[in-house]
Amino acid sequence: MKFCPKCEVRLKQDSSNSFICPKCSYSEKGGKDRKQVKGESSSIIDVLDENEKTETLPVIKMDCEKCGHTEAVWWMLQTRSADEPTTQFYRCIKCNYTWRNYA
Ligand SMILES: [Zn+2]
Ligand SMILES: [Zn+2]
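Reading the sequence shown from the start, the letters are residues 138 to 240 in the numbering used here.
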């Protein structure tokens, strides 16, 4: 049972499965409106941008240069040239500050 948020009148269900307020003609979509969440991709993440989730990455003891927190996640990234060493990235799990380690 649904009610109109404006006039608190019980909404009528119409043939298209929507709910209509008989008083102010407020309408609300009814029925199945659930979004399907697709499973995670199976591809291995080797590049991360600022918005990428880091929950699955390994955590190590590392001092954050920014906030001083002592735990960070890390991942490796091979640069374009094969001559260059693999770059190691760290991200503070507290403030999300990301930095790299060339060593
Ligand atoms: Zn109404
Ligand atoms: Zn930090």
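Just so it is clear, CB atoms sit at the ideal spot from N, CA and C, and this is done for glycine as well. This one's a predicted model, so the numbers in the text were calculated from it and none came from an experiment.
Cβ-heavy atom distance, residue i to ligand 1, below 7 Å
i    : result
C232 : no
V210 : no
C204 : no
Check whether residue i and residue j have beta carbons under 8 Å apart
i    : j    : result
K166 : C141 : no
I197 : W211 : yes
Where residue i falls, given that 16 or more other Cβ within 10 Å makes a residue buried
i    : result
C228 : This sequence places Arg at residue 228; Cys is not what is there. So R228 ends up on the buried side.
A242 : No answer is possible for residue 242: it lies beyond the span of the chain, which begins at 138 and ends at 240.
C158 : buried
N238 : exposed
G205 : exposed
D183 : Low confidence applies here, because D183 scores a pLDDT of 46, under 50, leaving its location unreliable; read the following figure in that light. The residue is exposed, with fewer than 16 neighbouring Cβ atoms inside 10 Å.
Cβ-heavy atom distance, residue i to ligand 2, below 7 Å
i    : result
K143 : no
C158 : no
Curious, which full-length alpha helix (DSSP H) runs of at least 4 residues does the region 200-226 contain? none
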